[in-house]
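Note sheet for the following structure.
2 protein chains.
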Amino acid sequence: MVRNANIKRVILDLAESFLQDVGYNGFSYAHIAAELEVKNAAIHYHFPSKEELGCAVIKRYRDRFQLWINNARVKDLAPEKKLDWFFGIYTNMRADNGKICLVGSLEAEFNSIPAALQEETKAMNRELLVWLEATLAEGKEAGVFHFNGDAVGKAAVILSSVQGALQMARALGPRKFTAVVEQNKQDLLV
Amino acid sequence: MVRNANIKRVILDLAESFLQDVGYNGFSYAHIAAELEVKNAAIHYHFPSKEELGCAVIKRYRDRFQLWINNARVKDLAPEKKLDWFFGIYTNMRADNGKICLVGSLEAEFNSIPAALQEETKAMNRELLVWLEATLAEGKEAGVFHFNGDAVGKAAVILSSVQGALQMARALGPRKFTAVVEQNKQDLLV
DNA sequence: AATAATACTTACTAGTTAGTAAGTTGTCAA
DNA sequence: TTGACAACTTACTAACTAGTAAGTATTATT
Numbered sequence: 168m169v170r171n172a173n174i175k176r177v178i179l180d181l182a183e184s185f186l187q188d189v190g191y192n193g194f195s196y197a198h199i200a201a202e203l204e205v206k207n208a209a210i211h212y213h214f215p216s217k218e219e220l221g222c223a224v225i226k227r228y229r230d231r232f233q234l235w236i237n238n239a240r241v242k243d244l245a246p247e248k249k250l251d252w253f254f255g256i257y258t259n260m261r262a263d264n265g266k267i268c269l270v271g272s273l274e275a276e277f278n279s280i281p282a283a284l285q286e287e288t289k290a291m292n293r294e295l296l297v298w299l300e301a302t303l304a305e306g307k308e309a310g311v312f313h314f315n316g317d318a319v320g321k322a323a324v325i326l327s328s329v330q331g332a333l334q335m336a337r338a339l340g341p342r343k344f345t346a347v348v349e350q351n352k353q354d355l356l357v
Numbered sequence: 168m169v170r171n172a173n174i175k176r177v178i179l180d181l182a183e184s185f186l187q188d189v190g191y192n193g194f195s196y197a198h199i200a201a202e203l204e205v206k207n208a209a210i211h212y213h214f215p216s217k218e219e220l221g222c223a224v225i226k227r228y229r230d231r232f233q234l235w236i237n238n239a240r241v242k243d244l245a246p247e248k249k250l251d252w253f254f255g256i257y258t259n260m261r262a263d264n265g266k267i268c269l270v271g272s273l274e275a276e277f278n279s280i281p282a283a284l285q286e287e288t289k290a291m292n293r294e295l296l297v298w299l300e301a302t303l304a305e306g307k308e309a310g311v312f313h314f315n316g317d318a319v320g321k322a323a324v325i326l327s328s329v330q331g332a333l334q335m336a337r338a339l340g341p342r343k344f345t346a347v348v349e350q351n352k353q354d355l356l357v
């Protein structure tokens, strides 16, 4: 029986969307099943436990990110264009729809999610930060980015601020997120 | 019967701690009751609904913040000392114990919390940001803070970055939070 | 045509959730 | 001493949670 060949992908899409919208503790198998007009057990057939589903979402996201940063379309960009691409990821999460990033969502609920999902979250955050550190160092070296201290500290400020800004946009409106991105760029470039 | 005269305060303390630890969807009346060695219904007696309890936590926090910023011990400080006091609030939340700020916790779960709690969260975030904007503007005027653009944008970056950094500290360790605070200070002062 | 595998549904469990209604106990004031 | 009130407990409900076991229908393979 093949009702939907991409059912596994669609479940992951929905889970990812729910994570960004209501968080890990905010959605259930019933929510996903209802969207797909199937029964709860159908979701359990594809992802036996919620922990596995959550981990699969993050694993896919990590793979996606690694594919992008190793692709020539990003790899060969100038540092300031790389940064624009990076901010674009967060902009495309649509703060205007109240979505936040996966890292922020999972870290906010960190102490009430399964251990395996905590580990995936750690790995994802590390990978994002490592790439940003390298990009900032590259840009400083090239003389296009200007900041005091090392790239490690600056990367932490930028990543945590966009993560926080997506959350802040829920309370204070999506323009708050745009303002944070613009201020970060201004801090680096002027 | 007066078993504990401060029971209401103790419930608020516990609820606040749970919010910072596991989030609104991560704790229940049963968790609070267990800590106090009473039954669930005892908590409902003091706070009929979880929504009211959540709101009461935030109201108390807002009052506390207003009291501090209107107190001479903060009001009369130099801008850079005001900022140190402000960062101190977040440092005292103890990132090393995996705690995050209330604003970040509630905004991460924003789309799955009651409307009244969303409003409290909005008000709290606004008040923090307004104070930070004024302090940054005051410091720039006095020549002790240096940043491009206006205080509104810079305040948004700083506030969202410390909010995000407390969450990031869960995945990458408490030193990540310290690094973000130090980088923010360096960006402003050097 | 028989068999096996896939992708489900039906029906269930045990645990947790917020919340309520009614009864109990201790304290205090008239 | 009586009664009112505060602060509970007991006992419950209806809804939801993740997860499972067994059965069913469709499709692919031999």
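Taken in sequence, the protein lines are chains A and B.
Residue numbering for the first sequence follows our numbering, beginning at 168 and increasing consecutively.
Residue numbering for the second sequence follows our numbering, beginning at 168 and increasing consecutively.
All C-beta atoms, glycine included, are put in the ideal place defined by N, C-alpha and C.
Are there 16 or more other CB atoms within 10 angstroms of the CB of residue i, so buried, or fewer, so exposed?
i         : result
Leu355(A) : buried
Lys217(A) : buried
Val348(A) : buried
Lys321(B) : buried
Ser195(A) : exposed
Asn233(B) : The residue asked about is misnamed: residue 233(B) is Gln in this sequence, not Asn. Exposed, since its Cβ has fewer than 16 Cβ neighbours within 10 Å.
Lys257(A) : Contrary to the premise, residue 257(A) reads as Tyr rather than Lys in this sequence. Buried, since its Cβ has 16 or more Cβ neighbours within 10 Å.
Ala318(A) : buried
Gly310(B) : exposed
Gly255(B) : exposed
Lys175(A) : exposed
Glu308(A) : exposed
Lys249(B) : buried
Taking Cβ to Cβ, would you say residue i is nearer than 9 Å to residue j?
i         : j         : result
Gln358(B) : Gln330(A) : Because chain B here runs from 168 to 357, residue 358(B) falls outside it and cannot be looked at.
Arg229(A) : Glu294(A) : yes
Asn315(B) : Gln353(A) : yes
Phe312(B) : Glu247(B) : yes
Pro341(A) : Asp251(A) : no
Trp298(B) : Ile210(B) : no
Leu181(A) : Glu204(A) : no
Leu120(A) : Leu220(A) : Beyond the ends of chain A as shown, which are 168 and 357, falls residue 120(A); an answer cannot be given.
Ser328(B) : Ser328(A) : yes
Thr288(B) : Phe253(B) : no
Gly265(B) : Ala346(B) : no
Gly306(B) : Gly190(A) : no
Would you mind giving the Cβ-Cβ distance between residue i and residue j, rounded to the nearest angstrom? I have them listed as a contact below 8 Å.
i         : j         : result
Glu183(B) : Val224(B) : 5 Å
Ala332(A) : Ala323(B) : 7 Å
Asn192(A) : Asn192(B) : 4 Å
Leu273(A) : Leu284(A) : 7 Å
His198(A) : Phe185(A) : 6 Å
Val270(A) : Asn238(A) : Wrong, their Cβ atoms sit about 21 Å apart, outside the cutoff.
Please list the partners that residue i has in chain A, where partner means a Cβ-to-Cβ separation under 9 Å.
i         : result
Val295(B) : The question names Val, but residue 295(B) in the sequence shown is Leu. Residues of chain A passing the Cβ test: none, with the nearest at roughly 10 Å.
Glu349(B) : Gly316, Gly320
Asp230(B) : Those do not exist, as Asp230(B) stays about 19 Å from chain A at its closest Cβ, beyond 9 Å.
Gly255(B) : The premise fails here: Gly255(B) is roughly 18 Å from chain A at the closest Cβ pair, so nothing lies under 9 Å.
Gly221(B) : Per Cβ cutoff of 9 Å: no residues; Gly221(B) is ~15 Å from chain A at best.
Ala197(B) : None at all; the shortest Cβ gap to chain A is about 14 Å.
List, in order along the chain, the chain B residues whose C-beta lies closer than 7 Å to that of residue i?
i         : result
Arg337(A) : Glu274, Phe277
Lys343(A) : Ala323
Ile358(A) : No answer is possible for residue 358(A): the residues shown for chain A start at 168 and end at 357.
Ser328(A) : Val324, Ser327, Ser328, Gly331
Using a Cβ cut-off of 8 Å, pull out every chain B residue sitting near residue i, in sequence order please.
i         : result
Thr288(A) : Ala338
Val311(A) : Those do not exist, as Val311(A) stays about 15 Å from chain B at its closest Cβ, beyond 8 Å.
Gly306(A) : Neighbours of Gly306(A) on chain B: none; closest Cβ ~16 Å, over 8 Å.
Val189(A) : Glu276, Asn278, Ser279
Asn292(A) : Met335, Ala338, Leu339
Taking C-beta pairs closer than 7 Å, name the residues in chain A that residue i reaches, listed in chain order.
i         : result
Asp243(B) : Result: empty, since nearest Cβ-Cβ is about 29 Å, beyond 7 Å.
Gln353(B) : Asn315, Gly316
Ala301(B) : Under the 7 Å cutoff, chain A gives no residues; its nearest Cβ is about 16 Å from Ala301(B).
Closer than 8 Å by beta-carbon distance: list the chain A residues that pair up with residue i, in chain order.
i         : result
Val357(B) : Asn315
Gly193(B) : Asn192, Glu276, Asn278, Ser279
Ala159(B) : Because residue 159(B) is not part of the residues shown, which for chain B are 168 to 357, the question remains open.
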